[in-house]
Each structure stands twice: as C-alpha cells, then as structure tokens.
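*Asks:* In my numbering, the protein residues as written are 3 to 367. Where a beta carbon is used, it is the ideal one built from N, C-alpha and C, also for glycine.
(1) In angstroms, rounded to a whole number, what distance separates the CA positions of residue 239 and residue 262?
(2) Using a Cβ-Cβ cutoff of less than 8 Å, which residues in the same chain neighbour residue 254 once the five nearest sequence positions on both sides are dropped?
(3) Report all residues from its chain with a CB closer than 8 Å to the CB of residue 126; omit the five preceding and five following residues, and keep chain order.
(4) Spell out the partners DSSP gives residue 224 in its beta bridges.
(5) Output needed for residue 362: all residues of its chain with C-beta closer than 6 Å, excluding positions within five of it in sequence on either side, in chain order.
(6) Along the chain, where does the beta strand (DSSP E) that runs through residue 304 open and close?
(7) Rounded to whole angstroms, what's the CA-CA distance from residue 172 to residue 178? Just pull it up for me.
(8) Which class does residue 366 belong to by DSSP, given the choice of helix, strand or coil?
(9) With three or more C-beta pairs closer than 8 Å as the rule, is the stretch 218-226 touching the stretch 146-155?
(10) Reducing DSSP to helix, strand and coil, say where residue 262 ends up.
(11) Would you kindly check if the distance between the Cβ of residue 121 and the Cβ of residue 73 is under 8 Å?
(12) How do the stretch 286-294 and the stretch 207-224 stand: do at least 3 beta-carbon pairs fall below 8 Å, yes or no?
(13) Give the straight-line distance between the Cα atoms of residue 304 and residue 332, rounded to the nearest whole angstrom.
(14) Start and end of the beta strand (DSSP E) containing residue 131?
(15) How many angstroms separate the CA atom of residue 322 from the CA atom of residue 336?
(16) DSSP three-state call for residue 276: helix, strand or coil?
(17) Determine, using beta carbons only, whether residue 140 and residue 91 come nearer to each other than 8 Å.
(18) Taking the alpha-carbon positions, what's the residue 273 to residue 256 distance?
(19) Which stretch, first to last residue, makes up the beta strand (DSSP E) that contains residue 96?
(20) For residue 62, does the three-state DSSP call read helix, strand or coil?
(21) For a quick check, are the C-beta atoms of residue 208 and residue 220 less than 8 Å apart?
(22) Anyone know if the C-beta pair for residue 60 and residue 109 falls short of 8 Å?
(23) Check residue 245 in the structure and name its three-state DSSP category.
(24) Please say whether residue 293 and residue 314 have beta carbons closer to each other than 8 Å?
(25) Are the beta-carbon atoms of residue 84 and residue 128 separated by less than 8 Å?
(26) Scan the stretch 145-190 and note each continuous beta strand (DSSP E) run of 3 residues or more that stays entirely inside, going in chain order.
(27) For the beta strand (DSSP E) containing residue 342, list its first residue and its last residue.
(28) Under 8 Å Cβ to Cβ from residue 359, same chain only, skipping five residues before and after it: list those, please.
Here it is in structure tokens:
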C-alpha cells in the first residue's frame, strides 16, 4: 500500500481496518461497564473530543449516541444524541474528518430516510451539516478516499437499491455521487455490510459488499471509477465485513461474518482464495480484525446473535485461525469494534447488542 493510501485509511473510523497491538495476551476481562445504548447495529471508535483518547459512537434506532472516554477506559454518556428520526432506523455510523479541520465528523446511515452528516466542533459536539445523502435503505457505510483527491468520501451499502459512492468536495460537502452498477444482474443488491481496502495492490481503494445473496467486489481505476469484477459463489448472507492482512502478503484481505454458515476469509490478489473460520451455527453478525495478542498478526473477534457466545480466534500468521476458548458474553450481539480504550498499548473490544447495553472488554496485558 502506498503512503498516501495508508494515511487516508488511518484517518477514518477505527472500526474499519485492522490494528497492531504493542502488547496484550488476547484474553479479555469484562470492564463491568454497560453503556446504555440498545438496538446497536454499528460502532465507531475515534477521538471525538480531541483529548487524546478514544471515544465511542453507537448507532441507535433514531440516530447515534456518543460516549466519552476519561483516558482510562471509563466511559460516560455525552448527553448528546444526534437524532435523525426514530422512524428512520439508523443501522450504521462512521467517524472521519470530512471537512479537513482536524476533527472527526459523523455520518449516520438510515434504513428509512436520508443519510445524515454531522460536523464536529472539536469538543465532540456535532451539528447537522444540512445534507441529505439519498434515501436508499442504507444498512452499512464505509469511508475512505475513493477518488484519490485527498479527502474522505462515503460509500453506502443499500438494501434493495444500488450501492452508492458520495464524493467529497474537500469541505465536507457531498455534492456528487454515482451508483455501483452490477452488469448482467437484473435485481439490485441486498447489501448488509460494506468495507473498503486495496485488494489488488494497486494503491487504490476497492469496495467489498457483503450481501444476503452472493457478495460483490468492486475494483477501482485511477479515475475513481468502479467495476463489479467478482461475485462470490453461493448465497452466504454476510451481515459483517472486516478488512486486514491476515496472511502477511502484500494484499489486504477480507473476513465476512457467516449468519447461516461459517465466517469466511478471502485472501490474495483480488480475494481469490477462500477458507472457513469458526463454528457453522454461531450466527455471526459482525467481525473485527486486529492483533489482539501482540504477535504481529491480525486476529479475529466475532459478535454472535441468538444466544451464541462472542468468540476470539487467533491467527498463526498464515491466515489460519484457532479459537482461544474465551467467551465475550452472549447478549444477541450485532456490532463489534477494536481499539486501545484504556491507553495501555493493546486492543480492547467494544460489543453492541440488540436488546442489552453496550459491553466493553479490556485486553489483559
């Protein structure tokens, strides 16, 4: 990956990509915190109040809620709810600096209304930018510099409509967009998860869409245009997607959550090689990649639904995973993210649930 792409990937929400840990064992301790936010289908982690630690944004049915970190991994509700409309059902949140002022902003993806962008004043107070980005039953969002012009764009994963890219004009205004068409396909996608990464090593961000039907890979060219070049075989229902480098080659890889099947790892140039991870019937809804045990390899943490335990799988360095035998609760989970929440140099876990408060697990170092 070239330096420009590395920088632009690093500026977006921490839940998007994989992370390296300085230390940590990969065994987690329940922090005992219960962040009152339910119906959470998405989490984002970044320093929203510019105080040097990582804060948490959660989706809620009517928008997003912000929890602020005291620097030691103790979180308090900011009291701010970026309310869009309780009828819209907000499925996705992402944090990134859209207007280039050095503060992370917020975008909310809605199922039954327009997606909304909120600008951050630097203290973690968000103001509606006044923009309405489509009305396409969005269930997932990704962010990154999709057209290589130095600012952060937005990718929508839509259910029953074409997926769409919104281009940033550099000031956080998304006044141009285009749909991701799928040649030779009559019906539009039913996307539930979407992520960006450089999957063919050309230095440009590509797009992976996890669908109820077969998944889609969109490869970019130098002009910021995308072409659907690959369909995964079969119908796997992938409600979660994570991007990282699981086999230590020169390409970014993808792990998809398996709702009615195994989780799947797709590796190599163009994501050509696939392998199974985890249990067949865990009903995994979300996945995150990061080096949780400090050995330099991206590991997998999964959020599972329907009473199944959330699990940790350690990577041997070649992209083969084994469970470490640990359960991170079984609260009908729907979202997961990794980040160093307590400032000790390793990756901790945040898990969002359908009908329980958000859980935080600290990495035991």
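*Replies:* Straight from the coordinates:
(1) Distance between the alpha carbons of residue 239 and residue 262: 7 Å.
(2) Excluding five sequence positions before and after residue 254, the CB atoms of its chain that fall closer than 8 Å to its own CB belong to 3, 199, 200, 201, 245, 246 and 247, given in chain order.
(3) Around residue 126, the same chain offers 50, 51, 52, 57, 68, 70, 80 and 82 as residues with beta carbons nearer than 8 Å, after the five sequence neighbours per side are excluded.
(4) For residue 224, which the question treats as bridged, DSSP gives no partner whatsoever.
(5) Once the five neighbours on either side are set aside, the close Cβ partners of residue 362 are 33, 35 and 352.
(6) 301-306 is the extent of the beta strand (DSSP E) around residue 304.
(7) Their backbone Cα atoms lie some 12 Å apart in a straight line.
(8) Assigned with DSSP and collapsed to three states, residue 366 falls in coil, not helix or strand.
(9) The stretch 146-155, when compared against the stretch 218-226, does touch it at the 8 Å Cβ threshold.
(10) Of the three classes helix, strand and coil, the one that applies to residue 262 here is coil, per DSSP.
(11) Not in contact: residue 73 and residue 121 (Cβ atoms no closer than 8 Å).
(12) Segments in contact, no.
(13) Those two C-alpha atoms are separated by around 11 Å.
(14) Taken as a continuous stretch (DSSP letters only), the beta strand (DSSP E) holding residue 131 covers 128-135.
(15) Approximately 24 Å, taken between the alpha carbons.
(16) It is a strand residue.
(17) Contact: no.
(18) When rounded, the separation of the alpha-carbon atoms in residue 273 and residue 256 is 7 Å.
(19) Its beta strand (DSSP E) spans residues 92-98.
(20) Reduced to three states, the DSSP call for residue 62 is strand.
(21) Against a cut-off of 8 Å, the Cβ pair of residue 220 and residue 208 comes out as a contact.
(22) It is not a contact, given that the beta carbons lie outside the stated cut-off.
(23) In the structure shown, residue 245 adopts extended strand secondary structure according to DSSP, grouped into three states.
(24) Cβ atoms of residue 314 and residue 293: not closer than 8 Å.
(25) In this structure, residue 128 lies closer than 8 Å to residue 84 by Cβ.
(26) Segments of the beta strand (DSSP E) lying fully in the stretch 145-190: 155-160, 165-169 and 178-182.
(27) Per DSSP, residue 342 is not a residue of any beta strand (DSSP E), being assigned neither H nor E.
(28) For residue 359, where only same-chain residues beyond five positions count, the Cβ hits under 8 Å are 36, 37, 38, 39 and 40.
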